[in-house]
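Chemist: These protein sequences, in sequence, are chains Z and Y.
Heads up, the first sequence is in the numbering used here, so the first residue is 1 and it goes up one at a time.
Heads up, the second sequence is in the numbering used here, so the first residue is 1001 and it goes up one at a time.
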Amino acid sequence: MTNPRLRAVLLPLVGAALVVAIWQATVVLYQLPMVVLPTPWSVVKTLVALPGTAMFWRDVGVSVFEFGAGYALGMILGIAVGTLMGEWRLFRMAATPVIESLRFIVPFAWIPLTILWFGTSYVGKIALVTYAVFFVMVVSTARAVLHVDPLLSRVGRVMGMGAWQLAWSVHLRAAAPTIASAARAAAAVGWIAVVAAEYIGASAGLGLMITNAASSLATPAVIAGMIVIGLIGAGVSAVVGWITRTHLDY
Amino acid sequence: MNTPLQQGGELAFNAISHQYASAGRATSVLDDVSFSIPAGTVACVVGPSGCGKSTLLGLAAGLLAPTQGTTTWDDTKVRVGPNHHIGMAFQQPGLFPWMTARQNLAVGLRTRGASRAEANATADEFLDLVGLSEFKDAYPNQLSGGMAQRVGIARALALRPRLLLLDEPFAAVDAFTRLKLQQELMALLKRYRPTVMFVTHDVSEAIALGDMIVVMSQRPATVLRIIPVSREERNRASAAYARKLAETLACLGVTSDMDHA
């Protein structure tokens, strides 16, 4: 255990093995039926079988599409409005009270209304993800743009940059690392919003897959679905983090 | 003598008064300031800290408008907004951290309409002049403080400004680097001959670099005296330099003889 690379591989495995062991021991000790808590092994079997079904890929596709579309829209709107708030004092004064009062109405509070307005279609989910992502982005973009080193603004102005060029090529560029870390947080929030909305009312998606499995008492499928949600969420976060590190490291 | 590439112009402050609004009260920083810097002259502005020297630079650059009075460049009123005749360097390098040294020089040239090829060629030329050609692809966080400051000055000069504005550009570097940078700047100014307004709180620097010294008072600042500097007074080893130093310091209320202070 003195080899640091070996340790870096082994220790996380020890942690994971411990969790699985406690899980297995709980099932055995309390003699829990499959419906209440299946064994790790039966969950693994279900998980491995999932990619073989067309329904699974359709559900993954729907959830990822709803997330992706909402994330893109929320990012564009949030960064645009946030930049305007950072650059333009009058707009900031008008927009701040609206943003501040709406942003504490968490996305989940909107789920009943979105179902009322858009039914169980993907439109409501996209709207919800857009909303969730927008508020994370607008607040941190405005703050980041506002806190750009004033010296950099002065440098841009004495070079001869006008207001638009200054906003685009100095302020947004200088704020980009902060905006990128907000983008990573927004990805997590957006993914949570999709799944939550699908739990409550959807015609397809991972959330629906899990609620369907639960109502037919297929508990291994419920847990397998939860693991898929976790894996996709971690994957999205890793991709955003990788883009941040490789392109915005200053 | 080199043929000047770009002719400097005359910068004039005419009866400038300026107030800042802070915490609901107007603070007066400049009070009826008038002086002019003839074309191609290096003027060093000295005075106590916080006396409004940087405000004067901001007025010359068109970064702000005075409360009263006018600033003129070649008899034309300086307007607030992008002004293409100026180049400016600050106490901190203020380099864009996402750009290489070369891109930092090129971006201003591109803003002023140069083609990409022209901008890169000029950037390389000026990085070479400050001895940093090897570092043209380095990012600011890979440069030492002195090197970054050189890039900042090269960036201002690369615009070949008719008016060069310097806001204590050597105040944040160590004493030895400061002397080297002063020499380099002198050599560059001889070559390009812009009109220069150099703000500093270092009186010896003002004598070493300036053709004239503008001595400012405490806030609200007025012009106490304008002192011309001759070539021989610039020689730090001369008695004339010592006399000029004493004269300028006396203006600022500092006695040169510590034993009788």
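Yeah, the Cβ is synthetic: ideal placement off N, Cα and C, and Gly gets one too.
In this text, all values refer to a predicted model and were calculated from it rather than measured experimentally.
For residue 1226 of chain Y, which beta-bridge partners are listed by DSSP?
Modeler: Looking at the DSSP assignment, residue 1226 of chain Y forms a beta bridge with Y/1214.
Chemist: With a 10 Å radius around its C-beta and 16 neighbouring C-beta atoms as the bar for buried, classify residue 1005 of chain Y as buried or exposed.
Modeler: Unreliable placement is indicated for residue 1005 of chain Y, whose pLDDT of 49 sits below 50; the coordinate value is still reported in the next sentence. By the 10 Å Cβ count, residue 1005 of chain Y comes out exposed.
Chemist: Let's test the definition: count the other Cβ atoms within 10 Å of the Cβ of residue 1054 of chain Y and tell me whether it reaches 16, buried, or not, exposed.
Modeler: It is buried - the Cβ of residue 1054 of chain Y has at least 16 other Cβ atoms within 10 Å.
Chemist: Under 8 Å by Cβ, that's how I've got residue 1244 of chain Y and residue 1223 of chain Y pegged, so tell me the actual separation to the nearest angstrom.
Modeler: At roughly 18 Å, the Cβ-Cβ gap does not stay under 8 Å, so residue 1244 of chain Y and residue 1223 of chain Y are not in contact.
Chemist: Using Cβ-Cβ distances below 7 Å, what residues of the segment 1092-1106 of chain Y are close to chain Z?
Modeler: Residues 1092, 1094, 1096, 1097, 1098.
Chemist: State the Cα-Cα distance for the pair residue 1097 of chain Y and residue 1150 of chain Y, rounded to the nearest angstrom.
Modeler: Straight-line Cα distance between these residues: approximately 15 Å.
Chemist: Can you give the Cα-Cα distance for residue 1192 of chain Y and residue 1185 of chain Y, rounded to whole angstroms?
Modeler: Residue 1192 of chain Y and residue 1185 of chain Y: Cα-Cα distance of roughly 10 Å.
Chemist: Between residue 1111 of chain Y and chain Z, is the shortest Cβ-Cβ distance under 7 Å, so that the two count as touching?
Modeler: Yes, residue 1111 of chain Y lies at the interface with chain Z (some Cβ there is under 7 Å from its Cβ).
Chemist: Any idea if residue 164 of chain Z is buried or exposed, counting beta-carbon neighbours within 10 angstroms, 16 or more meaning buried?
Modeler: So residue 164 of chain Z counts as exposed.
Chemist: Which one of Z/124, Z/168, Z/135, Z/245 has the shortest CA to CA distance from residue 62 of chain Z?
Modeler: Among Z/124, Z/168, Z/135, Z/245, the Cα nearest to that of residue 62 of chain Z is on Z/124.
Chemist: As a quick exercise: from Z/90, Z/60, Z/246, pick the residue whose alpha carbon is nearest that of residue 203 of chain Z.
Modeler: Nearest option by C-alpha distance: Z/60.
Chemist: With distances taken from CA atoms, which of Z/184, Z/177, Z/85 is nearest residue 139 of chain Z?
Modeler: Nearest option by C-alpha distance: Z/85.
Chemist: Under 6 Å Cβ to Cβ from residue 209 of chain Z, same chain only, skipping five residues before and after it: list those, please.
Modeler: Result list for residue 209 of chain Z: 59, 225, in chain order.
Chemist: Please report the Cβ distance between residue 243 of chain Z and residue 79 of chain Z, rounded to the nearest whole angstrom; I am assuming they are in contact, meaning their Cβ atoms lie under 8 Å.
Modeler: With 8 Å as the limit, residue 243 of chain Z and residue 79 of chain Z do not qualify as a contact, their Cβ atoms being about 15 Å apart.
Chemist: Just the chain Y side, please: which residues come within less than 8 Å of residue 151 of chain Z by C-beta, in chain order?
Modeler: Simply 1090, 1092, 1094.
Chemist: Whether or not the segment 1026-1044 of chain Y and the segment 1206-1223 of chain Y are in contact is what I'm after, with contact meaning three or more pairs of Cβ atoms, one per stretch, closer than 8 Å; do they touch?
Modeler: Yes: the two stretches touch, three or more of their Cβ pairs being nearer than 8 Å.
Chemist: Would you say residue 1069 of chain Y and residue 1015 of chain Y are within 7 Å of each other, going by their C-beta atoms?
Modeler: Result yes, Cβ atoms of residue 1069 of chain Y and residue 1015 of chain Y sit closer than 7 Å.
Chemist: Along chain Z, which residues have their Cβ under 7 Å away from the Cβ of residue 1061 of chain Y?
Modeler: Neighbours of residue 1061 of chain Y on chain Z, chain order: 158.
Chemist: Residue range of the beta strand (DSSP E) that residue 1028 of chain Y falls in?
Modeler: First-last of the beta strand (DSSP E) with residue 1028 of chain Y: 1025-1037.
Chemist: Any chance you could list the alpha helix (DSSP H) runs of at least 4 consecutive residues sitting entirely within the segment 1078-1115 of chain Y, in chain order?
Modeler: With a minimum length of 4 residues, the continuous alpha helix (DSSP H) runs that stay inside the segment 1078-1115 of chain Y are 1101-1111.
Chemist: With a threshold of 7 Å between beta carbons, is residue 86 of chain Z in contact with chain Y?
Modeler: No, its Cβ sits nowhere closer than 7 Å to a Cβ of chain Y.
Chemist: Taking the beta carbon of residue 1255 of chain Y as the centre, do at least 16 other beta carbons fall within 10 Å, making it buried, or is it exposed?
Modeler: Residue 1255 of chain Y should be labelled exposed.
Chemist: Since I believe residue 1140 of chain Y is in contact with residue 1169 of chain Y (beta carbons under 8 Å), could you give me their beta-carbon distance rounded to a whole number of angstroms?
Modeler: Their Cβ separation, rounded to whole angstroms, is 16 Å, which puts residue 1169 of chain Y and residue 1140 of chain Y out of contact at 8 Å.
Chemist: Can you pull the DSSP bridge partners for residue 1019 of chain Y?
Modeler: Note: residue 1019 of chain Y sits in a beta bridge opposite Y/1028.
Chemist: For residue 1163 of chain Y, which of helix, strand or coil comes out of DSSP?
Modeler: Here residue 1163 of chain Y sits in strand by DSSP.
Chemist: In the DSSP output, what is residue 1198 of chain Y paired with across the bridge?
Modeler: Answer by DSSP bridge pairing, in chain order: Y/1044, Y/1166.
Chemist: Taking residue 1194 of chain Y as the reference, which of Y/1095, Y/1183, Y/1019, Y/1086 has the closest Cα?
Modeler: That would be Y/1086, whose Cα lies nearest to the Cα of residue 1194 of chain Y.
Chemist: If we cut at 7 Å on Cβ distances, does residue 89 of chain Z have a partner in chain Y?
Modeler: No, because no Cβ of chain Y sits closer than 7 Å to the Cβ of residue 89 of chain Z.
Chemist: For chain Y, is any of its Cβ atoms less than 7 Å away from the one on residue 245 of chain Z?
Modeler: By this cut-off, residue 245 of chain Z is not an interface position.
Chemist: For residue 176 of chain Z, which residues from the same chain have a beta carbon less than 6 Å from its beta carbon, with the 5 sequence-adjacent residues on both sides left out?
Modeler: Correct list, in chain order: 248.
Chemist: Counting contacts by CB-CB distance shorter than 7 Å, is residue 145 of chain Z in contact with chain Y?
Modeler: So no, residue 145 of chain Z is outside the interface.
Chemist: Return the CA-CA distance between residue 1072 of chain Y and residue 1028 of chain Y, expressed in angstroms with no decimal places.
Modeler: Those two C-alpha atoms are separated by around 21 Å.
Chemist: Could you confirm whether any beta carbon from chain Z is found closer than 7 Å to the beta carbon of residue 1084 of chain Y?
Modeler: Yes - at least one Cβ of chain Z is within 7 Å of the one on residue 1084 of chain Y.
Chemist: So residue 1073 of chain Y is in the alpha helix (DSSP H); what residue range does that whole segment cover?
Modeler: Unbroken run through residue 1073 of chain Y is the beta strand (DSSP E), 1068-1073; no alpha helix (DSSP H).
Chemist: Which residue from Z/241, Z/152, Z/221 puts its Cα closest to that of residue 38 of chain Z?
Modeler: Answer by Cα proximity: Z/221.
Chemist: Report, in whole angstroms, the separation of the C-beta atoms of residue 1059 of chain Y and residue 1066 of chain Y, which I expect to be a contact under 8 Å.
Modeler: Right, their Cβ atoms sit about 6 Å apart.
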